[in-house]
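Q:
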Amino acid sequence: YEIRIKHGGNIMTEKIITKKEVEYVAKLAKLEFNEEEKEEFTSQLNSILDYFKKLNELDTERVEPTAYVISMPNLLNEDEVKPSLPRDEVLSNAKYIKKGYFKVPKIM
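Whatever position you read off the sequence shown (first residue = 1), add 71 for our numbering.
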């Protein structure tokens, strides 16, 4: 059967995932599954799509969009300018220094 998912003002029709599609995605990802695993993944993916179908049935017209489901106060501290360590002390443990800065080995 198919799932109809409402996204914005559009309704998208989604097919339920088949074992053949699981095999195709596994091949793309260079993964190998035995028959039991293929059946299990097919079932799990379809359960996820069924859950989305249930979520889609919820009336959210009067629910204001939010980034968090619970009210979150700003947990960040105010930035404060504080004195830092002297450059010589910071660089004293560096393996390589060039012109007063850390020098790191090239990796590429």
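Backbone N, C-alpha and C fix where the C-beta goes; we use that ideal spot for every residue, glycine too.
With 16 as the cutoff for other CB atoms within 10 Å, does V93 come out buried or exposed?
A: Counted from its first residue, the sequence shown places residue 93 at position 22. Looking at its Cβ environment, which holds 16 or more other Cβ atoms inside 10 Å, V93 is buried.
Q: Using the rule of at least 16 other Cβ atoms within 10 Å of the residue's Cβ for burial, across every protein chain shown, is F112 buried or exposed?
A: Indexing the sequence shown from 1 puts residue 112 at position 41. F112 is buried by the Cβ-count criterion.
Q: Using a threshold of 7 Å, state whether the C-beta atoms of I141 and N117 are closer than that.
A: By one-based count along the sequence shown, residue 141 stands at place 70. By one-based count along the sequence shown, residue 117 stands at place 46. For I141 and N117, no; Cβs fall outside 7 Å.
Q: Under the three-state reduction of DSSP, which class applies to F123: helix, strand or coil?
A: Against the sequence shown, residue 123 aligns to sequence position 52. Three-state result, F123: helix.
Q: Locate the alpha helix (DSSP H) running through K90, then write down its first and last residues.
A: As a working note, residue 90 is residue 19 in the sequence shown. Looking at the DSSP string, the run of the alpha helix (DSSP H) that includes K90 is K90 to L99.
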